[in-house]
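Undergrad: Numbering (numbering that gives the first Met the number 0), first residue to last: 0 to 320.
Yeah, the Cβ is synthetic: ideal placement off N, Cα and C, and Gly gets one too.
Structure in structure tokens, see below.
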Amino acid sequence: MSWNEGIKTFKAGEALAAKRRVKIETGTTTTPPEVVYADAGEDFIGVTEYAVADAAMVVVKMNTHPGTFEIECLVDSAIARGTVLYGGASGVVTDASSGTAQGIALEVGADGGHIECAMWNVKSTTAATVSLLDSGAFTAAATVEAAIAEIYQHLVSAQKTIPVPLGSVTQEDGTHLLKQAGTVAGIAQISDKEHVINIPINCSAGDSLGFSVAVPQDLDETADVIVHVLVGKDADNDALTLDCEVYPVAAGDVANADIQDTAATAIVAAVTDLPFTCGFDGVLAAPGGLSVVLAQGGTNDGDAVYIYAIWIEYTAKILAA
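Dropping the structure here:
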């Protein structure tokens, strides 16, 4: 059995440049073993001391050797003093994350230059220094930490949606909306295109609407809930508003007061998203539901109001069981 103290001679399995990271070539049977470049993200056993041709002998400074290393670098964004280094293609080190971080730059680097590096021969257990191989191109995140943060940001987003089909909306007293006719609000199609709830000019029934939804189990009751109404006017002849009331219910908890905080909001001719915020202090934990009342305000003797879509935005929480 042989051993050495930091410097060892190997056989080059390919032409090798000086100051590059190398690994043992897969399947080598020679004595000494052949070494080839350690590529992007790959572990390395050491660094070449000088350039050699294929099949020549090469001295390698082992990565277990004490002290710092001189290694050729390739700059992705910038290599400054203190930049974390990763294994790059053809044995270089680089600031582009790939695999586990392998060291840190002690000098400023330029493409093709040799820099002093403090290398470590350990696998990182810190998610911020472990790169992510995203073969499916699902994310732009480069590290495990960034990818996990992105996943959790999506899971607990404040933009989760409860869709409210227009067909589920009734008059406030529960009367179903039919095809719009006369002065009664109902479902209509505008110019053979959008389907809307049409609150007609001089509306006699349906200028106050209602619906109920069940809240999802992942509703975060410590965050606001927002009712969104996509609404517009046929023209701009009347000063009209839309008001909203929201009544929460939960198991064993009914007959609660209105929790909606936003004042009646002007309806403009252009289609606009009108948000109505329910403060978290009134939101009840799931399982439960929300009963919503939408009321048109003002005198609509010259304008029809069109409701194009309704949805409820909530913040989700992580379910632990």
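Return the residue from the list Glu220, Lys232, Leu165 that minimises the CA-CA distance to alanine 308.
TA: Nearest option by C-alpha distance: Leu165.
Undergrad: Under a three-way DSSP split, which group does glutamine 295 fall into?
TA: DSSP places glutamine 295 in strand when its eight states are reduced to three.
Undergrad: Would you kindly check if the distance between the Cβ of isoleucine 266 and the Cβ of threonine 298 is under 8 Å?
TA: No, Cβ-Cβ distance for threonine 298 and isoleucine 266 is not below 8 Å.
Undergrad: Does the distance from the CB of leucine 154 to the CB of alanine 315 come in under 8 Å?
TA: Result yes, Cβ atoms of leucine 154 and alanine 315 sit closer than 8 Å.
Undergrad: Could you name the residues of the same chain whose beta carbon sits closer than 7 Å to that of valine 304, not counting the 5 residues immediately before and after it, in chain order?
TA: Excluding residues within five positions, the ones whose Cβ falls inside 7 Å are Ile198, Val230, Lys232, Leu239, Ile266, Gln295.
Undergrad: Restricting to Cα atoms, I'd like to know which of Ser134, Ala140, Gly81, Gly173 is closest to glutamate 322.
TA: Residue 322 is absent from the model: the chain starts at 0 and stops at 320.
Undergrad: In this structure, how does DSSP classify glutamine 158 when only helix, strand and coil are distinguished?
TA: The answer is coil: DSSP assigns glutamine 158 none of H, G, I, E or B.
Undergrad: Please state whether the Cβ-Cβ distance between valine 245 and cysteine 277 is less than 8 Å.
TA: The answer is yes: Cβ separation under 8 Å.
Undergrad: Would DSSP call phenylalanine 275 helix, strand or coil?
TA: Strand, per DSSP.
Undergrad: With a cut-off of 8 Å, do at least 3 Cβ pairs link the segment 11-27 to the segment 59-74?
TA: Because the criterion of three Cβ pairs below 8 Å is met, the segment 11-27 and the segment 59-74 touch.
Undergrad: Who are the near neighbours of methionine 0 in its chain, counting only those whose CB is closer than 8 Å to its CB and skipping five residues on each side?
TA: Reliability of the predicted coordinates at methionine 0 is poor, the pLDDT of 45 falling under 50, and no value is obtained from them.
Undergrad: I'd like to know whether the C-beta atoms of isoleucine 311 and valine 226 end up nearer to each other than 8 Å.
TA: A contact, by the Cβ cut-off of 8 Å.
Undergrad: Is the beta carbon of threonine 138 sitting closer than 8 Å to the one on serine 96?
TA: The answer is no: Cβ separation not under 8 Å.
Undergrad: Under a three-way DSSP split, which group does glycine 26 fall into?
TA: DSSP places glycine 26 in coil when its eight states are reduced to three.
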